[in-house]
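To keep things clear, I will list the structure first and then write my remarks on it.
Protein chains: 2
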Amino acid sequence: MRPTVHDIAAAAGVSLATVDRVLNQRPGVRHVTREKVETAIRELGYVRDVAAANLAKGRTYPLVFILPASDNSFMHGLNAEIRQAIVRSSAERTDIRTIEVPAFDPAALVSVLEELSREKPCGIALVATDAPDVRAAVDRLVRERFPIVTLVSDLTGSLRHHYAGVDNIAAGRTAARLLGRFLGPRKGEIAVLAGSMLVRDHRERLEGFSAVMAAEFPDLAILPVLEGRDDPEVAHRLVADALGNAGIIGVYSLGAGNRGLIRALKEKAVDRVLTVVAHELTAHTRAALIDNTIDAILNQDAGHEVRSAIRVLKAKADGLAVIEAQERIRLDIFLKDNLP
Amino acid sequence: MRPTVHDIAAAAGVSLATVDRVLNQRPGVRHVTREKVETAIRELGYVRDVAAANLAKGRTYPLVFILPASDNSFMHGLNAEIRQAIVRSSAERTDIRTIEVPAFDPAALVSVLEELSREKPCGIALVATDAPDVRAAVDRLVRERFPIVTLVSDLTGSLRHHYAGVDNIAAGRTAARLLGRFLGPRKGEIAVLAGSMLVRDHRERLEGFSAVMAAEFPDLAILPVLEGRDDPEVAHRLVADALGNAGIIGVYSLGAGNRGLIRALKEKAVDRVLTVVAHELTAHTRAALIDNTIDAILNQDAGHEVRSAIRVLKAKADGLAVIEAQERIRLDIFLKDNLP
DNA sequence: GATTTTTTGATTTACGTACATCAAAATTGG
DNA sequence: CCAATTTTGATGTACGTAAATCAAAAAATC
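Dropping the structure here:
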């Protein structure tokens, strides 16, 4: 049986009340006494029974998710997963609220973060916009002891406790190798469709993609990036235009708006063999993978990201360790054969 | 606030004791009264606070993992993950025991299962050997209300509650497509190295692999399967021999013993360009992926499988729902760019 | 050494559930 | 209608922790 507070009290030769004072850092304990208790805790290997403690405290975990107001399938999926988590709230003792902020607007994000500092949630998950102000605001909150995890898009160099998202440089590199290997010895040009080069994850995917292409597939030339702003209509126009170039033999779509991409491919590339790698598994990309319009899909599982963020925030709020391997968000590679 | 037993008692117009009798299916409640209580439970949406209940009961979850005594890196990894889970036992209220049985020995497995029926663990996870006797034994335990999940290797057609492992047919299909696409228009022969065709997962991988190869890559011919018995030495000899055949341009290793495969490749294929897809990420296959001896690794994450099995068994023991998407074990595809 | 202040102990209630006991009420059988 | 039986209620204790109160003891101050 694991030791309880009673065991510590006995071992340290103090009363329950004193143990409680130490455990919950309440004042009125002499230094020597505190040390006696801490020694007993260490020696008996006591760990607080979180379930019992939460029951006694009537504790809930008020969590805030800050999301950009972007209208694309990935963000819709993310929202849906958060709603699922809200459904599970009562069983998990969480109390989840989402805040929408304008996309790509560091100032708006910063002001929300500053408000939260007053509201005192016990954890914050945010889809970070990469800007110095945001980094500063996050660091400030971390110093005020708020658990913070970045979601989907990281804030490198900040003090955030954890990042629940994929390694986008690795994703770009993987896309490059898939395209390069699928194309084999062929020479030609590769079109890259992104949402916006202002978004960190897209920049990183491109960075990884370009690096591997340059180093390992010199016969493939990357064309200037098409910025489709994650909008299917824009993406459609850009890709349709680009496909006028007969030298294009491959496409890497690293952002959203794949509906437009797929439409353009079906209209313009019926007679050509294009190799296409795209991001994010949606109903559209799935269908395109199955009908061979797309050759591979790279995906991050929004459900895993949300559940992981919640687990990590709760653990940090309780000062507990997380299982690192469990919280690593994997880059899923889907071919038509291993679709879920 | 979520409703408590008190709320139900009040709503149903009965006493706490009666609610308790209903909730814990104790005798001595008239049919009409039981229905009143059940209605109140439904209407208030009451769900038992599992944490509080476990605290009151002093409940632990005695779980048994039945593993084959196979000496390969995957099974070692699986064992290590179970040991990790045992370390977390006290926090998770689990009490995990592993039983080793001789590999590929249905009778031994059956006799262990029969013993367990007397021991009354609250859940059983087993790496199934695919045999009618095993299926019958599992079905019997399920009928006796033991939660049972298969791990790594499934027992299709049985009544097991859940399978914590990858879809091996999909894995084989995926391997075929990767090999086929990587090889492009080349014609040639593919060597397949398996552990044993007596193991269901290996059979299924081969089945998926052959299907896709036949249907979509007619220029690639699959050579007769080499059975390396998951032994590096045997694998080494078989592959070294096979590589005498100059027509081989690709290798699919669907079992263990990859250390021998890699050694053979490095000795015999220095002058040739072979495309190789292997299963299971280990220190050896990882190194081989990085130095380009292997082109892609398919993997199942043993840690996820173990944690998932535990979550599912606990949920079944409590009669709770599981989050399906969370418990789906994914086939990881690793290229050298997305290694963890 | 007396007084004030700080530290510690003892005790109680609570969280939501499980489980046991005993008495009271309702139902059933004859 | 009475007795036997079944059903229900009332109540208490327990699980491991949190949090509060008040008294007692110890330490610090003058």
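One line per chain: the protein sequences are A and B, in this order.
Those letters in the first sequence? Residues 1 to 340, per my numbering, in order.
Those letters in the second sequence? Residues 1001 to 1340, per my numbering, in order.
Where a beta carbon is used, it is the ideal one built from N, C-alpha and C, also for glycine.
Is the CB-CB distance between residue i and residue j below 8 Å?
| i | j | result |
| --- | --- | --- |
| A/Asp-291 | A/Val-276 | no |
| B/Leu-1274 | B/Gly-1250 | yes |
| B/Glu-1014 | B/Glu-1038 | The sequence shown places Val at residue 1014 of chain B, not Glu. The answer is no: Cβ separation not under 8 Å. |
| B/Gln-1326 | A/Arg-286 | no |
| B/Ile-973 | B/Leu-1289 | Summary: the structure shown does not reach residue 973 of chain B, with chain B confined to residues 1001 through 1340, and so no result is reported for it. |
| B/Val-1312 | B/His-1161 | yes |
| B/Gly-1177 | B/Val-1212 | Strictly speaking, residue 1177 of chain B in this sequence is Arg, with Gly absent from that position. Their beta carbons are under 8 Å apart, which means B/Arg-1177 touches B/Val-1212 by this criterion. |
| A/Thr-293 | A/Ile-323 | no |
| B/Ala-1321 | B/Ala-1315 | yes |
| B/Val-1101 | B/Ala-1131 | no |
| B/Asp-1105 | B/Thr-1129 | yes |
| B/Ala-1235 | B/Gly-1257 | yes |
| B/Gly-1157 | B/Arg-1143 | no |
| B/Ala-1137 | B/Glu-1119 | no |
| B/Ala-1051 | A/Ala-51 | yes |
| B/Glu-1081 | B/Ala-1302 | yes |
Alpha carbon to alpha carbon, what distance is there between residue j and residue i?
| i | j | result |
| --- | --- | --- |
| A/Tyr-46 | A/Pro-27 | 21 Å |
| B/Leu-1159 | B/Ile-1329 | 19 Å |
| B/Leu-1126 | B/Arg-1140 | 15 Å |
| A/Asp-49 | B/Leu-1067 | 31 Å |
| A/Asn-79 | A/Ala-103 | 15 Å |
| A/Gly-255 | A/His-279 | 6 Å |
| A/Asn-24 | A/Ala-317 | 14 Å |
| B/Glu-1305 | A/Ala-107 | 43 Å |
| A/Thr-4 | A/Val-19 | 11 Å |
| A/Ala-164 | B/Ala-1017 | 46 Å |
| A/Arg-186 | B/Leu-1109 | 53 Å |
| B/Pro-1147 | A/Val-112 | 47 Å |
| B/Ala-1085 | B/Ile-1124 | 15 Å |
| B/Leu-1223 | A/Ala-194 | 43 Å |
| A/Arg-97 | A/Ala-215 | 45 Å |
| B/Ser-1253 | B/Arg-1200 | 15 Å |
| B/Thr-1282 | B/Ala-1191 | 21 Å |
| A/Phe-217 | B/Asp-1337 | 14 Å |
| B/Phe-1209 | B/Met-1197 | 14 Å |
| B/Asp-1133 | A/His-284 | 45 Å |
In chain B, what lies closer than 9 Å to residue i by C-beta?
| i | result |
| --- | --- |
| A/Gln-326 | Gly-1303, His-1304, Arg-1307 |
| A/Arg-330 | Asp-1301, Arg-1330, Asp-1332, Asn-1338, Pro-1340 |
Which residues in chain B have a C-beta closer than 7 Å to the C-beta of residue i? List them in chain order.
| i | result |
| --- | --- |
| A/Ile-333 | Ile-1333 |
| A/Thr-174 | Leu-1335, Asp-1337, Asn-1338 |
Count the other CB atoms within 10 Å of the CB of residue i; is the residue buried (16 or more) or exposed (fewer)?
| i | result |
| --- | --- |
| B/Gln-1300 | buried |
| A/Arg-83 | exposed |
| A/Arg-272 | exposed |
| B/Val-1087 | exposed |
| A/Leu-339 | exposed |
| B/Ala-1053 | exposed |
| B/Val-1032 | exposed |
| A/Asp-71 | exposed |
| B/Pro-1121 | buried |
| A/Glu-35 | exposed |
If the cut is a Cβ gap below 8 Å, which residues of chain B does residue i touch?
| i | result |
| --- | --- |
| A/Arg-59 | Near A/Arg-59 there are no residues of chain B at all, since even the closest Cβ is about 11 Å away, more than 8 Å. |
| A/Arg-177 | Leu-1335, Lys-1336, Asp-1337 |
Name, please, each residue of chain A whose Cβ falls closer than 9 Å to the Cβ of residue i.
| i | result |
| --- | --- |
| B/Gly-1184 | Arg-181, Phe-182, Leu-183, Gly-184, Pro-185, Arg-186 |
| B/Ala-1052 | Ala-51, Ala-52, Leu-55 |
| B/Val-1212 | Asp-337 |
Mind listing the chain A neighbours of residue i? Cutoff is C-beta to C-beta under 8 Å, in chain order.
| i | result |
| --- | --- |
| B/Ser-1090 | Arg-2, Val-47 |
Starting from the beta carbon of residue i, find every residue of chain A whose beta carbon is closer than 7 Å, and list them in chain order.
| i | result |
| --- | --- |
| B/Ala-1125 | Per Cβ cutoff of 7 Å: no residues; B/Ala-1125 is ~17 Å from chain A at best. |
| B/Ala-1011 | Ordered by position in chain A, no residue passes the 7 Å Cβ test against B/Ala-1011, which lies about 18 Å from the chain. |
| B/Ala-1170 | Asp-337, Asn-338 |
Segment contact flag, the segment 75–82 of chain A with the segment 52–60 of chain A, C-beta cutoff 8 Å, min 3 pairs: no
The segment 226–237 of chain A touching the segment 162–175 of chain A, judged by at least three CB pairs closer than 8 Å: no
Segment contact, 8 Å Cβ cut-off, at least three pairs: the segment 262–269 of chain A with the segment 202–209 of chain A: no
The segment 1004–1014 of chain B touching the segment 174–191 of chain A, judged by at least three CB pairs closer than 8 Å: no
Validate contact between the segment 1091–1103 of chain B and the segment 1148–1158 of chain B using beta carbons, cut 8 Å, 3 pairs: no
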